[in-house]
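J.: I have a structure I would like to understand better, so I am pasting it below and will then ask my questions one at a time.
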Amino acid sequence: FDNISHEWLMENIPIDRVILSRWLKAGYMEGRQLFPTEAGTPQGGIISPVLANLALDGLEARLKSHFGRPRYARNLEIKLKVNYVRYADDFIITGRSKELLENEVMPVVERFMLERGLTLSPTKTRVTRIDQGFDFLGHNLRKFSGKLLIRPSGINVSRLLEKARATVRENPALTQEKLIKKLNPIIQGWADFHRHNVAKAAFARVDHEIWLALWRWCRRRHPQKGKRWIKNRYFHQVGNRNWVFATPTGEYYPDGKPVLKSLRKATDTRITRHTMLRLGANPFAPEWEAYFEERMSRKMLLSLSGKKRIVTLWQSQQRRCRLCQELITPETGWHVHHIIRRVDGGTDDNSNLCLVHPVCHRQIHALNLKVAKPARASGL
């Protein structure tokens, strides 16, 4: 987007023109020198991704107008299967054949981009068969025997391993606990990103490679010590697992066993299939409020922090539904409800959330009922 047309943005982006013009011409600072922006969007500016999204808006409609209807040959209906998926400025276009994409779809896309002063990146643009696979946003998408599998891409796995190995290699004198604190967010963040993928094999490989890097780290720290000594010093049994990279924290459980700070494993992350968002769902429309609250309830159960929030809400309202005042149990189920709707400015903070039975939740939205947080007891 270094060459995006300022004229096109000024004419087509629904933002105050004076403000937009100042954003586009603001330039950027390098040291004490100001570099004006003659074309493109401001480098590193928070408005740049928004403008990029707005500039590409309309490509889906353009493709639909050209390829949305089936064609006919010898009285047979031929669906072109042209579909478009975009994330920021990265997008995928599928089609029935390579010839269709190269000879018909790509010229339409190029004309659309040219109107905005943009061009397709030659290094990122290619036409390939789905059964040969391709990488997109850190994922590899490929069909095997007609079944689509989405896995962590090889490049993405390699980058994660290089980052983890560099963290281990560059901190030879760090304490074991501090090294674990550095590695855990790296491992957990990557595993969470791929938790909806076919990632079991990739998770196992990542755990093994990081374990090898840590073993080398231990050997370098104690070149005169034997393998058994190193194992007893740095690796412990946690639950049913041996050889867990962990260190005592100095605290103890009631039974006298030490509390251990252990390295996260990618394989500890539960793999769950992603639930697609309903087509047309709008989080800012009142009629979709209940739908997004149900999705939020399910999402909170997928993380430890989310489960803790549910328990906190449950205990704060004496374990009872805020509408019917009956007990909430695992058998009755529950939904998270926003006291002030998000469309009315409500937040996702605990102060604006409560738990209600699923049936009560449907009644609240169907009958436009109101609920409130229980009043806090105050001393004199």
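For what it's worth, the UniProt record's numbering labels the leading residue of the sequence shown as 1, then goes sequentially.
All C-beta atoms, glycine included, are put in the ideal place defined by N, C-alpha and C.
Source: prediction; values computed, not measured.
Please go through the same chain and pick out, in chain order, the residues whose beta-carbon is closer than 6 Å to the beta-carbon of residue 406, but skip the five residues on each side of it.
T.: No statement about residue 406 is possible, as the shown extent of the chain runs from 1 to 380 and does not include it.
J.: Round the Cβ separation of Arg195 and Thr272 to the nearest angstrom and send it over; I've been treating them as touching at under 8 Å.
T.: Indeed, because the Cβ distance is near 6 Å, the residues count as touching under 8 Å.
J.: Of the choices Cys218, Arg129, Asp131 and Leu59, whose alpha-carbon is the least far from that of Asn171?
T.: Comparing Cα-Cα distances from Asn171 to each of Cys218, Arg129, Asp131 and Leu59, the minimum goes to Cys218.
J.: Would you please state the rounded distance, in angstroms, between the beta carbons of Leu214 and Val238? I believe it to be under 8 Å.
T.: 15 Å between Cβ atoms; not a contact.
J.: How would you call Ala372, buried or exposed, if buried means at least 16 neighbouring beta carbons within 10 angstroms?
T.: Exposed.
J.: My output table needs one value for Gln363: the three-state DSSP class, helix, strand or coil.
T.: Helix, per DSSP.
J.: If His335 sits next to Leu353, beta carbons under 8 Å apart, how far is it from one beta carbon to the other, in whole angstroms?
T.: Between Leu353 and His335 the Cβ distance is about 11 Å, and since that is not below 8 Å, they are no contact.
J.: With a CB to CB cut of under 7 Å and the five nearest residues on each side skipped, what residues in its chain are close to Ser121?
T.: So the list is empty, once near-sequence residues are dropped.
J.: List the endpoints of the continuous alpha helix (DSSP H) containing Met29.
T.: Careful: Met29 lies outside any alpha helix (DSSP H), inside the beta strand (DSSP E) at Tyr28 to Glu30.
J.: So, do the segment 122-139 and the segment 164-178 have three or more beta carbon pairs nearer to each other than 8 Å?
T.: As far as the Cβ criterion goes, the segment 122-139 does not touch the segment 164-178, which means the pair count is below three.
J.: Contact defined as beta carbons within less than 8 Å: I believe Val127 pairs with Glu104. What is the distance between those atoms, to the nearest angstrom?
T.: Not confirmed; about 12 Å, so no contact.
J.: Any contact between the segment 14-22 and the segment 61-75? By contact I mean 3 or more CB pairs, one from each, below 8 Å.
T.: In short, these stretches do not touch, since the Cβ pair count stays below three.
J.: To the nearest angstrom, report how far apart Leu183 and Asn232 are at their CA atoms.
T.: Spanning the two alpha carbons is a distance of roughly 21 Å.
J.: Cα separation between Met300 and Leu34?
T.: So the two alpha carbons sit approximately 46 Å from each other.
J.: What are the boundary residues of the beta strand (DSSP E) that Cys354 is part of?
T.: Counting along the chain, the beta strand (DSSP E) containing Cys354 begins and ends at Leu353 to Val356.
J.: Can you tell which of Phe245, Arg165, Thr267 and Glu326 has the C-alpha that lies nearest to the C-alpha of Leu355?
T.: Among Phe245, Arg165, Thr267 and Glu326, the Cα nearest to that of Leu355 belongs to Glu326.
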